[in-house]
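Structure record follows, encoded as structure tokens.
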Amino acid sequence: MLRDRLWTGSLLAALMLGSLALDSRLAPWFPLLYAVLALVGVLACRELLALVPEQRRPSAWLAHIGIQALVLANWIDPIRSQLPPWIPAMEPWQAILGVLVACFLIAILIELRRYDGAGEAGARIAWTSFVLIYLGVLAAFLAQLRWLPPGTGRFNHATLAMLLSIFVPKCCDIGAYTTGRLIGKTPFTPKLSPKKTWEGSIGGLVVAVAVALIGSALGPQPALWWLKAIGFGVTVGFAGMMGDLAESLLKREVQKKDASAAIPGFGGILDVIDSVLFAAPLAYAWLAMANLSPLGAR
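Residue numbers for the sequence shown follow my numbering, beginning at 102 and rising by one.
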């Protein structure tokens, strides 16, 4: 299991590094990022819908179309540049909110049409909202880092921001797993995830801080960058651990160990992206504000 996780993780990391580096040359459309988000959205949506009890499962077509629309909403600026000038401008977050509200209203209309007195209409609407926010809105915080100004440092500022947002929570996850396997004794959440330990969690945070420091050192190194990098590593790493536990909660509800067996050593797509998604809003808050960012001004 550990060996599978290490080689699979290394392969995924290499692919991510290569695609982000290449995509930085393809501004402002960033087609590789779009392809990855769209594909992951399809696969993760299938896994998440499969975890929902059948009677409470939302409309599959609405969930899939909604997630793809949320992904596309991140590209509203380059799309707008190709449209006639009389079409009003819209900010990406306005487009994302508009898609989310539209899908919520459509979910209600679907339930009005299908209502049969079974009492699960509210649950299906709630699950629709959860699926769209979890896989679409949280991913948007990560996607929006791609449009940060490239900066004047040795490396593209936006690319570094995305790498930190992905690798800090994922390396925290791998560090926690490895440390827990080696020296873990004290259960962290005995009922929710019995194999997670305090020792593993501390080890994961140490790895997260180390990765944040290494990644931030590649930037322009503003004043107190190292202190900001430590804060970023601790908070984003911890958020990633909570994201892993959040998915564990979902799986415990349906008595499944993994979302699927699609990725050796990790489980399903959801098992790979859970920590990154949960940490994305916090990572965005750190990196989009120059005063907080360990990468400094944009």
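We treat Cβ as the ideally placed atom computed from N, Cα and C, and that holds for glycine.
Can you list, in chain order, the residues of its chain with a C-beta nearer than 8 Å to that of residue i? Leave out the 5 residues immediately preceding and following it.
i      : result
Ile370 : Val141, Leu144, Ala145, Glu148, Ala360, Ser361, Ala363, Ile364
Pro159 : Leu150, Val153, Ala208, Arg225, Ile226, Trp228, Thr229, Val232
Glu348 : Ala360, Leu371, Asp372, Asp375
Val137 : Ser120
So, residue i versus residue j, is the Cβ gap smaller than 9 Å?
i      : j      : result
Leu383 : Leu249 : no
Leu133 : Asp124 : yes
Leu121 : Thr260 : yes
Ala170 : Gly237 : yes
Pro270 : Val202 : no
Leu306 : Phe268 : no
Gly285 : Lys296 : yes
Val337 : Ala380 : yes
According to DSSP, is residue i part of a helix, a strand, or is it coil?
i      : result
Phe289 : strand
Ser120 : helix
Ser230 : helix
Thr298 : strand
Tyr216 : coil
Phe403 : The structure shown does not extend to residue 403, since the chain spans only 102 to 399, so no value can be given for it.
Gln169 : helix
Glu155 : helix
Gly320 : coil
Lys191 : Sequence check: residue 191 is Met here, not Lys. Here Met191 sits in coil by DSSP.
Ala330 : helix
Gly338 : helix
Pro250 : coil
Trp176 : coil
Ala128 : coil
Met390 : coil
His348 : Contrary to the premise, residue 348 reads as Glu rather than His in this sequence. The answer is helix: DSSP assigns Glu348 an H, G or I state.
Pro270 : helix
Glu221 : coil
Leu63  : A query on residue 63 cannot be resolved here, the shown segment of the chain reaching from 102 to 399 and no further.
Leu305 : The sequence shown places Gly at residue 305, not Leu. Three-state DSSP puts Gly305 in a helix.
Val355 : coil
Pro382 : helix
Gly397 : coil
Arg282 : helix
Arg147 : helix
Ser160 : coil
Among the options, which one has its Cα closest to the Cα of residue i?
i      : options                        : result
Pro323 : Ile197, Gly397, Asp178, Gly237 : Gly397
Val153 : Pro251, Phe268, Ala224         : Ala224
Leu239 : Pro179, Ala391, Tyr385, Leu393 : Tyr385
Ala262 : Ala164, Val172, Ile315, Leu346 : Ile315
Leu173 : Ala196, Glu155, Ser160, Ala190 : Ala196
Leu163 : His258, Glu212, Ala381         : Glu212
Ser294 : Gln356, Phe379, Asp178, Tyr216 : Gln356
Ile168 : Tyr235, Thr290, Ser317, Lys271 : Tyr235
Cys272 : Cys204, Leu127, Val310         : Val310
Residue i bridges to which residues according to DSSP?
i      : result
Gly368 : Ile364
Please confirm whether residue i has its beta-carbon closer than 9 Å to some beta-carbon of chain C.
i      : result
Asp124 : Of the chains in the structure shown, none is chain C; there is only one protein chain.
Taking 6 Å as the limit between beta carbons, can you name the residues of its chain near residue i, skipping five residues before and five after?
i      : result
Phe333 : Ala313, Trp387, Pro395
Pro321 : Gly254, Gly397
Could you pull out every residue in the same chain whose Cβ sits closer than 7 Å to the Cβ of residue i, ignoring the five residues on either side in sequence?
i      : result
Phe131 : Asp124, Arg247
His165 : Val143, Cys146
Met117 : Ile267
Thr280 : Glu300, Gly301, Gly304, Gly305
Ala222 : Glu212, Tyr216
Taking 8 Å as the cut-off, is the C-beta of residue i nearer than that to any heavy atom in the ligand MG?
i      : result
Trp176 : With respect to the ligand MG, the structure shown offers nothing to examine, as it has no ligands at all.
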